[in-house]
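Enquirer:
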Amino acid sequence: MGLLRALGAAARPGWSRLGAAAILGAGVAAGQAPFGFWWLSLLSLAVLIAEIAAEGRRARRLWLSWAAGVGYFALALFWIVDPFLVEPETFGWMAPFALLLMCAGMALFWLLAGWIAGVGRWPFARALGFALGLAVGDLVRSYVLTGFPWALLGHIWIDTPVAQAAAVVGPVGLSVLTAITAALPVMARDRRGRAVLSAVALAVLGCVWLAGSARLNQPVEPRDPPVRVRLVQPNAEQALKWQGDMWRVFLDRQLAWTAQPASEPLDLIIWPETAVPYLL
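Under the numbering used here, residues 11 to 290 are what the sequence shown spells out, in order.
#1: Based on the DSSP secondary-structure assignment, which residues constitute the bridge partners of I279?
#2: Can you list, in chain order, the stretches of the alpha helix (DSSP H) that have 4 or more residues and sit fully within the region 27-107?
#3: Please classify V210: is it buried, with 16 or more other beta-carbons within 10 angstroms of its beta-carbon, or exposed?
#4: With a CB to CB cut of under 7 Å and the five nearest residues on each side skipped, what residues in its chain are close to R71?
#5: Let's see if you can read the secondary structure: which residues bound the alpha helix (DSSP H) around V214?
#6: In this structure, does DSSP put F119 in helix, strand or coil?
#7: Taking the runs of the alpha helix (DSSP H) that are 4 residues or longer, which of them lie wholly in the region 138-208?
#8: Please work out which residues of its chain come closer than 6 Å, Cβ to Cβ, to G139, disregarding the five sequence neighbours upstream and downstream, and give them in chain order.
#9: Is the beta carbon of I59 sitting closer than 9 Å to the one on A189?
#10: Output needed for A285: all residues of its chain with C-beta closer than 7 Å, excluding positions within five of it in sequence on either side, in chain order.
#11: Could you spell out the range, first to last residue, of the alpha helix (DSSP H) harbouring G265?
#12: Rounded to the nearest angstrom, what separates L162 and A86 at their Cα positions?
#13: With DSSP collapsed to three states, give me the class of W132.
#14: What number of angstroms, rounded off, separates the C-alpha of S185 from the C-alpha of W167?
#15: Are A175 and A221 touching if we call contact CB-CB under 9 Å?
#16: Helix, strand or coil, according to DSSP, for W25 in the structure here?
#17: Give the single residue among Q42, Y82 and T191 whose Cα lies nearest to the Cα of I33.
#18: Out of L111, R258 and W281, which has the shortest C-alpha to C-alpha gap to T268?
#19: How many Å lie between D157 and L28 at the Cα?
#20: Determine, using beta-carbon pairs with one atom in the region 115-124 and one in the region 146-157, whether at least three such pairs fall under 8 Å.
#21: If you reduce the DSSP assignment to three classes, tell me which class G124 lands in.
#22: As a quick exercise: from A173, W132, V239 and M116, pick the residue whose alpha carbon is nearest that of S152.
#23: Which residue from A192, N245, V259 and P23 puts its Cα closest to that of P141?
Structure follows, in structure tokens:
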């Protein structure tokens with residue numbers, strides 16, 4: 011209750027600052043698919059970390075972190091409204107509420123990062139704390155309530171050679187790499203330090219990029235024995251898949267294609283998401 015009182019309207023930053031934080035959060039999400047502007051993500055994240063680190067009051071830091079999270083997830087998860095637009099005349103009105111509530115909830119993980127930032131007394135320590143807190147938030151939301159590991163911070167590298175580092179450090183490791191490289195220039199105490207740490211961040215990213223490129227250029231050794239996979243796609247139109255007279259048609263189609271004999275024994279059969287329209 012003390013924290014809730016501390017986050018009251020009196021402690022809230024002005025709407026202009028909250029809006030700016032949300033815009034920066036959306037800028038961080040610009041590196042996510044389908045946009046792929048990873049450089050804009052890094053720049054926006056660096057500015058956001060500087061803003062969080064410079065705020066010495068805990069309540070305002072938490073508000074700014076949450077607002078940035080709302081902006082981030084609003085852009086990164088815009089696609090969640092698509093199912094409501096299949097029959098817009100019936101469900102379309104729910105779309106903005108679904109997106110807003112989803113973003114507000116997911117932004118709590120960014121609020122967690124803002125709280126972790128408060129562990130440090132000085133701006134450079136708060137910058138490091140917020141950066142690490144974002145990675146911690148990615149890790150936690152990958153597991154809590156069965157997990158929602160979509161639009162992790164490290165996913166901005168998916169279409170670049172940097173993504174190859176996930177083979178070593180995992181997706182959350184990529185989030186750590188992203189957040190730390192953006193935070194390094196902010197952690198400096200003066201202009202010279204910012205120049206040095208910016209060069210270090212660019213050097214680290216450059217090395218990871220080159221290593222990823224080298225890995226991509228290596229020929230893939232054939233697996234022996236090979237893994238044989240069957241992908242089952244019933245070609246169900248979104249508007250028809252849940253209709254009472256059609257869901258059984260698509261389910262039977264998947265069962266029939268799954269049962270078809272294969273020239274070689276299969277190791278794995280994959281059905282699409284929501285392939286079974288009832289509780290198992």
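Glycine included, every Cβ here is placed at the ideal spot set by N, Cα and C.
Expert: Short version:
#1: R240
#2: Every alpha helix (DSSP H) of 4 residues or more that sits fully in the region 27-107 is shown, in chain order, as 48-64, 68-86 and 98-101.
#3: exposed
#4: I62, E65, G124, A127 and G128
#5: R201 to N227
#6: helix
#7: Counting whole runs of 4 or more residues, the region 138-208 contains the alpha helix (DSSP H) stretches 176-193.
#8: I126, A127, V129 and G130
#9: yes
#10: Q264
#11: For the sequence presented, residue 265 should be read as Leu rather than Gly. Where L265 is concerned, the enclosing alpha helix (DSSP H) stretches over W257 to A269.
#12: 9 Å
#13: coil
#14: 10 Å
#15: yes
#16: Residue state, collapsed to three classes: helix.
#17: Check the Cα spacing between I33 and each of Q42, Y82 and T191: the tightest is with Y82.
#18: W281
#19: Note on identity: in this sequence residue 157 is Gly, with Asp being the wrong assignment. Distance between the alpha carbons of G157 and L28 is about 28 Å.
#20: As far as the Cβ criterion goes, the region 115-124 touches the region 146-157, which means the pair count is three or higher.
#21: helix
#22: M116
#23: Note on identity: in this sequence residue 141 is Ala, with Pro being the wrong assignment. When only C-alpha atoms are compared, the closest one is A192.
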